[in-house]
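Enquirer: One structure coming up, written as structure tokens, with questions to follow.
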């Protein structure tokens, strides 16, 4: 099918993976000229939540740890198989990732650690019959019957002490007060991973962090096709055509401190990243704690346009509950291998072959993971970098008697080393390390309880030129907090707005597979 692209402009608001993917689909599948595609980004760097930056002197930072899945990221792999690798343009990013993951398969030997510093046997999920019945009820209950129910509305106290909950919650960052609908979707979407949640063998790793391994190749691919990148530019408002329907006529933005406006023609498209998980993040240091910020530009833009037109969602369900959506991560840059050597011996996993190590009785519910080294393209051989996070930053530590949110990087590292019982090496590790904490007020905002209409459709009813592609638009049956959700949304947006009759990789329906159901049933009784 041929698309009329003459004098037609496409404006992506936000420079995260969804916008980059959308631009790539325009180029690859719609023969859209790159110079008519515009990606508008507030920051000076692309990638959005797929970040990874720093150096050996100032320390490295990754705000979030991201995992891919070979069997469920259908549109992600379809896209990446067409993006050339930076290291070998004859190889796709998809094939590069598969080759790396095949060479460094994941099999965690230390998923949960108790307060004595001992690795626990997590073969059993720890369910009782009430837990199993509640889980079955959750899976079979239609979403429209669940409303804004929370996970702790469906399960009793025992469920939240099971091995399953500690592993599932820390793998995907669920909290008891989060949406039961989102947990239901995860249980169905990743049902095939349920039997191996204790080893996380289904995780697919990238050679470096996702900025270096995915964003940079995508950026280079788009640059090669002439896509326009408008950096350090903030979109603040949209004007709409009067009357029913949704047609954007003008875009308001701030560039170099000046307020400006861009009039759109009838054929121009606007594709928005509404809301952001990592917006308003704040970094601390070894000697300072991060601060807790409020709403930034992407949330304010969504608030503003949703107040103008019906059908654009209800951002308040996601951006007005920071106490329920925040947690704190930390990235540690080590100048030698001492910590890694101790951790590899403790976990019985070489760096890059394990998964999250969760300290289940930590008051912060702290987890760490050691990636394959180097984790950054510019990382020297002697430098080692690992990442961790705490789901309960407002609780007082078990060894450092302060809230995690009030702790410096040195204090967070001290708490971690006590949980590992690495006291003998503590002074040496801290002396050679740089721990940078990061507070993220909206990091699990997408999991907050919501009504069906709170997330707008990718292309809202009556829209002629507006689409949404964030973690806060609605894609039936798919799961937020994944790369796949952003990329699928971008593909839906592009094809729908351009009237493309092309297939979108469908969601694998594992819950209809008898073997998967049987394996899940058996696992629940382990």
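Residue numbers (this note's numbering): 2 to 527. C-beta atoms are modelled at their ideal positions from N, C-alpha and C, and glycine is treated no differently.
(1) Could you check how far apart the C-beta atoms of residue 329 and residue 391 are, in whole angstroms? I think they sit under 8 Å.
(2) Measuring CA to CA, which of 196, 96, 74 is closest to residue 127?
(3) Does DSSP classify residue 85 as helix, strand or coil?
(4) Below 8 Å between beta carbons: does that hold for residue 122 and residue 159?
(5) Apply the 10 Å Cβ neighbour rule to residue 62 and answer buried if 16 or more other Cβ atoms are within range, or exposed otherwise.
(6) For residue 385 and residue 335, which I take to be in contact (beta-carbon distance under 8 Å), what is that distance rounded to the nearest angstrom?
(7) Going by DSSP, what residues sit across from residue 441 in a beta bridge?
(8) In angstroms, rounded to a whole number, what distance separates the CA positions of residue 319 and residue 267?
(9) Please list the terminal residues of the continuous beta strand (DSSP E) segment that includes residue 97.
(10) If you drop the 5 nearest sequence neighbours on each side, which residues of the same chain put their C-beta closer than 8 Å to that of residue 433?
(11) Buried or exposed, going by whether 16 or more other CB atoms sit within 10 Å of the CB of residue 272?
(12) Check each candidate in 75, 59, 76, 51 and name the one with the smallest Cα separation from residue 67.
(13) From residue 247 to residue 208, what distance separates their C-alpha atoms?
(14) Check the C-beta distance from residue 424 over to residue 418 and give it rounded, since I have them as a contact under 8 Å.
(15) Cutting at 6 Å between CB atoms, please list the residues of its own chain near residue 399, excluding the five before and the five after it.
(16) Since residue 243 is in the beta strand (DSSP E), which residue starts that stretch and which ends it?
(17) I need the straight-line Cα distance from residue 31 to residue 327, nearest angstrom please.
(18) Answer yes or no: do residue 86 and residue 218 have a C-beta to C-beta separation smaller than 8 Å?
(19) Short of 8 Å in beta carbon distance, which residues of its chain neighbour residue 443, apart from the five on each side in sequence? Order them along the chain.
(20) Spell out a yes or no on whether the stretch 44-58 and the stretch 302-315 are touching, meaning 3 or more CB-CB pairs, one atom from each, closer than 8 Å.
(21) Throw me the rounded Cβ distance for the residue 73 and residue 191 pair, which I believe falls under 8 Å.
(22) So what does DSSP say about residue 78, is it helix, strand or coil?
Expert: On the basis of the data shown:
(1) The sequence position of residue 329 within the chain shown is 328, counting from 1. The sequence position of residue 391 within the chain shown is 390, counting from 1. Their Cβ separation, rounded to whole angstroms, is 5 Å, which keeps residue 329 and residue 391 in contact under 8 Å.
(2) In the chain shown, residue 127 corresponds to position 126, counting from 1. Measuring C-alpha to C-alpha distances from residue 127 to each of 196, 96, 74 identifies 196 as the nearest.
(3) If you number the chain shown from 1, residue 85 lands on position 84. DSSP places residue 85 within a strand segment (E or B) once states are collapsed to three.
(4) As a first step, residue 122 must be located in the chain shown, where it is residue number 121. As a first step, residue 159 must be located in the chain shown, where it is residue number 158. No; because the gap between Cβ atoms is not below 8 Å, this pair is not in contact.
(5) What you label residue 62 is simply residue 61 of the chain shown in a count that begins at 1. When all chains shown are included, residue 62 counts as buried.
(6) By 1-based counting over the chain shown, the position of residue 385 is 384. By 1-based counting over the chain shown, the position of residue 335 is 334. A Cβ-Cβ separation of about 4 Å places residue 385 in contact with residue 335 under the 8 Å criterion.
(7) Counting from one through the chain shown, the residue named residue 441 turns up at place 440. 328.
(8) Taking the chain shown and counting its residues from 1, one reaches residue 319 at position 318. Taking the chain shown and counting its residues from 1, one reaches residue 267 at position 266. Roughly 32 Å between the two C-alpha positions.
(9) For this step, residue 97 is matched to residue 96 along the chain shown. Where residue 97 is concerned, there is no enclosing beta strand (DSSP E), although the alpha helix (DSSP H) it sits in stretches over 94-104.
(10) Residue mapping note: residue 433 aligns to position 432 of the chain shown, counting from 1. Beyond the five residues adjoining it in sequence on each side, residue 433 comes within less than 8 Å, by CB distance, of 335, 336, 337, 339 in the same chain, given in chain order.
(11) Taking the first residue of the chain shown as position 1, residue 272 is located at position 271. Counting Cβ neighbours within 10 Å, residue 272 comes out buried, since at least 16 surround it.
(12) Your numbering for residue 67 matches position 66 in the chain shown. Residue 51 is the option with its Cα nearest to residue 67.
(13) Locating residue 247 in the chain shown gives position 246, counting from the first residue. Locating residue 208 in the chain shown gives position 207, counting from the first residue. Roughly 42 Å separates the two Cα atoms.
(14) Taking the first residue of the chain shown as position 1, residue 424 is located at position 423. Taking the first residue of the chain shown as position 1, residue 418 is located at position 417. With a contact defined as Cβ atoms closer than 8 Å, residue 424 and residue 418 qualify at about 7 Å.
(15) Within the chain shown, the letter at position 398 stands for residue 399. So the list reads 364, once near-sequence residues are dropped.
(16) For the purposes of this step, residue 243 is identified with residue 242 of the chain shown, where counting begins at 1. Unbroken run through residue 243: none, as it is neither H nor E.
(17) Stepping through the chain shown from its first residue, residue 31 is reached at position 30. Stepping through the chain shown from its first residue, residue 327 is reached at position 326. Cα-Cα distance, rounded: 39 Å.
(18) As a first step, residue 86 must be located in the chain shown, where it is residue number 85. As a first step, residue 218 must be located in the chain shown, where it is residue number 217. It is a contact, given that the beta carbons lie within the stated cut-off.
(19) The residue you call residue 443 lines up with position 442 of the chain shown. Apart from sequence neighbours up to five positions away, the residues of its chain that approach residue 443 with a beta-carbon distance below 8 Å are 276, 277, 278, 279, 280, 281, 300, 319, 320, 323, 326, 327, ordered along the chain.
(20) Remark: fewer than three beta-carbon pairs, one from each stretch, lie closer than 8 Å, so the stretch 44-58 and the stretch 302-315 are not flagged as touching.
(21) Position 72 of the chain shown, counted from the start, is the residue given in the question as residue 73. Position 190 of the chain shown, counted from the start, is the residue given in the question as residue 191. Sure, about 7 Å apart at Cβ, within 8 Å.
(22) By one-based count along the chain shown, residue 78 stands at place 77. Reduced to three states, the DSSP call for residue 78 is helix.
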